[in-house]
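Take a look at the structure below.
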Amino acid sequence: MKKVVMYATGYCPYCSRAEALLKQRGVEQIEKILIDQDPAQRDVMMQRTGRRTVPQIYIGEDHVGGCDDLYALDRAGKLVPLLAA
Numbered sequence: 096m097k098k099v100v101m102y103a104t105g106y107c108p109y110c111s112r113a114e115a116l117l118k119q120r121g122v123e124q125i126e127k128i129l130i131d132q133d134p135a136q137r138d139v140m141m142q143r144t145g146r147r148t149v150p151q152i153y154i155g156e157d158h159v160g161g162c163d164d165l166y167a168l169d170r171a172g173k174l175v176p177l178l179a180a
């Protein structure tokens, strides 16, 4: 299973929803980068993704996007193959 990295904040309902879906799909470990606790990481996230909102999710080297993007990927049947590839 590919490594999953999620830029998040301490309390973010969309981050929690994304994490719950990933766990339902078999992800056991998510590397969370909390941008509210480490403001320098917010700049890194914005440079990597071009986005300001959390969550921002990477599966391996692929930028999936945010929570809605993750759910859309799952509905399209593409999340599990991406995790496994």
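The opening residue of the sequence shown carries number 96 in this note's numbering; numbering runs sequentially from there. C-beta: ideal position from N, C-alpha, C; glycine also.
Check	Outcome
From CYS110, ASP133, ILE130 and GLU114, residue whose alpha carbon lies closest to that of GLN124	GLU114
Neighbourhood of GLY155 by C-beta, 7 angstroms cutoff - its chain only, sequence neighbours within 5 removed	LYS97 and LYS98
C-beta neighbour in chain B for VAL149, strict 9 angstroms	Among the chains in the structure shown there is no chain B, since it carries only a single protein chain.
Contact between the segment 153-172 and the segment 106-113 (3+ Cβ pairs under 8 angstroms)	yes
Other residues of its chain near LEU168: CB distance less than 8 angstroms, five sequence neighbours each side excluded	VAL159, LEU174 and LEU177
Terminal residues of the alpha helix (DSSP H) in which LYS127 lies	Element bounds for LYS127: not the alpha helix (DSSP H) but the beta strand (DSSP E), 125-129.
Span of the alpha helix (DSSP H) around GLN142	134-144
Other residues of its chain near MET141: CB distance less than 8 angstroms, five sequence neighbours each side excluded	ARG147
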